[in-house]
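Under this note's numbering, think of the first position of the sequence shown as 166, with each following residue one higher. All residues carry an ideal CB built from backbone N, CA and C; glycine is no exception. Right, one structure below, let's go through it.
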Amino acid sequence: MSTRTQLSAEVVTLQEGIEKMYDEMSAFWEVILGEHIHQGYYDPDTPTTDIRAAQFRMIDESLRFAGLLEDPSKFPKNAIDVGCGLGGTTRYLGKKCGAKCVGVTLSPYQVQRASELVAAQGLSDKVSFQVANALNLPFPDGHFDFVWSMECGEHMPEREQFISELVRVAAPGATIIVAAWCHRDLPPSEQSLKPSEKQHLDKIRTNFHLAEWCSVADYVKLLKSHLVENVKSDDWSKYVTPFWAQATHAALSCNDKGFPDDGLAAMGWMNEGYEKDIIKFGIVTCRKAK
């Protein structure tokens with residue numbers, strides 16, 4: 166088990182904001198996006214207008230990227246979804262792979278709603294949810310043969326500890342996938358982002374209760390500091406770019422349900438960030454060394 170028990174006051178404050186945001190906003194997100202609160206994967210030349218189809222494809226393409234999709238013998242048997250939201254991916258993995266899956270989130274509302282959905286879909290024997298802190302996961306070392314985290318790392322104020330926990334709960338030989346909002350990678354000639362880029366990202370960070378932004382290369386470096394192998398990463402920004410414009414349109418079309426104006430503004434800033442190549446969607450996969 167993790168020995169981490171103390172969190173700084175700054176981390177606690179951020180996590181309280183994350184919990185409150187998802188407790189209050191998840192019902193709105195479900196109306197707009199369905200049970201998957203994450204971006205979709207689109208063909209750049211002929212993007213679908215079906216957000217939910219794109220979200221399912223995101224899961225499949227992520228599994229394919231990690232070499233797990235085509236060969237059922239490689240399907241996980243015991244998986245964790247860290248930052249599970251309403252549990253859409255957790256349930257999908259349970260159905261597709263036949264795996265026993267647990268989803269964790271800071272939000273009690275999300276656990277309650279995810280549990281309702283899993284019961285309605287008849288998956289309670291395979292899939293479960295609990296409130297837990299990704300910086301201090303309540304599971305023994307080497308417990309899971311598949312560790313998945315989709316759009317959770319951007320909330321992590323102590324990213325080194327976050328990655329350490331993902332690796333810790335992974336069994337030897339387990340596959341780890343981390344997909345996250347990132348800022349652009351910096352070339353050797355740049356020491357930091359431009360002030361205008363930082364200002365743009367800070368607006369989103371404040372609204373969505375994010376930690377400091379980092380790059381895809383930063384995630385790769387953190388994973389490589391552990392005993393992992395076959396580390397592979399990519400920038401999937403071109404595959405997710407249509408999402409935020411579609412999500413904003415969906416939010417506007419049902420704004421009579423009270424979707425907050427600051428949420429709409431942040432969605433627009435996300436779309437603009439992708440268009441200006443400030444924001445990148447990074448995916449990294451590896452295997453824990455045996």
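Locate the beta strand (DSSP E) running through residue i, then write down its first and last residues.
i: TRP346; result: 335-348
Quick check on DSSP: helix, strand or coil for residue i?
i: PHE373; result: helix
i: GLU355; result: coil
i: LYS445; result: strand
i: TRP313; result: strand
i: SER380; result: strand
i: ASP399; result: strand
i: ALA297; result: coil
i: HIS365; result: helix
i: HIS308; result: coil
i: GLU325; result: helix
i: LEU302; result: coil
i: LEU387; result: helix
i: GLN171; result: coil
i: GLY182; result: helix
What does DSSP give as the partner residues of residue i in its beta bridges?
i: GLU394; result: ARG452
i: CYS266; result: ALA244 and VAL292
Looking at the unbroken alpha helix (DSSP H) that takes in residue i, where does it start and where does it end?
i: SER418; result: 407-418
i: GLN275; result: 273-285
i: GLY428; result: 426-440
Given residue i, which residues of its chain have a CB within under 8 Å of its CB, disregarding the five upstream and five downstream residues?
i: GLU235; result: ARG229
i: LEU366; result: HIS348, LEU358, TRP378, GLY438, ILE443 and ILE444
i: LEU375; result: GLU319, HIS320, TRP346 and ILE369
i: ARG452; result: GLY338, ALA339, THR340, ILE341, VAL393, GLU394 and ASN395
i: LEU388; result: ILE328, VAL332, ILE341, VAL343, VAL396, VAL449 and CYS451
Please list, in chain order, all residues of the same chain as residue i whose beta carbon is under 7 Å from its beta carbon, the five residues on each side excluded.
i: GLU195; result: LEU251
i: LYS455; result: PRO337 and GLY338
i: GLN286; result: ARG256
i: GLU323; result: VAL176 and LEU300
i: THR168; result: Unreliable placement is indicated for THR168, whose pLDDT of 49 sits below 50; the coordinate value is still reported in the next sentence. Counting only Cβ-Cβ distances below 7 Å, and skipping sequence neighbours, we find nothing.
i: PHE373; result: ALA431
i: MET435; result: ILE369, TRP409 and ILE444
Who are the Cβ neighbours of residue i in its own chain at under 6 Å, not counting the five residues just before and after it?
i: PHE294; result: GLY252, GLY268, VAL276, ALA279 and SER280
i: ASN243; result: LYS265, PHE309 and ASP310
Would residue i pass as an interface residue toward chain D - the criterion being a Cβ-Cβ separation below 7 Å?
i: SER173; result: Absence of chain D from the displayed structure is noted, only one protein chain being present.
Minimum length 4: unbroken alpha helix (DSSP H) runs contained in the segment 189-264: 216-230 and 253-262
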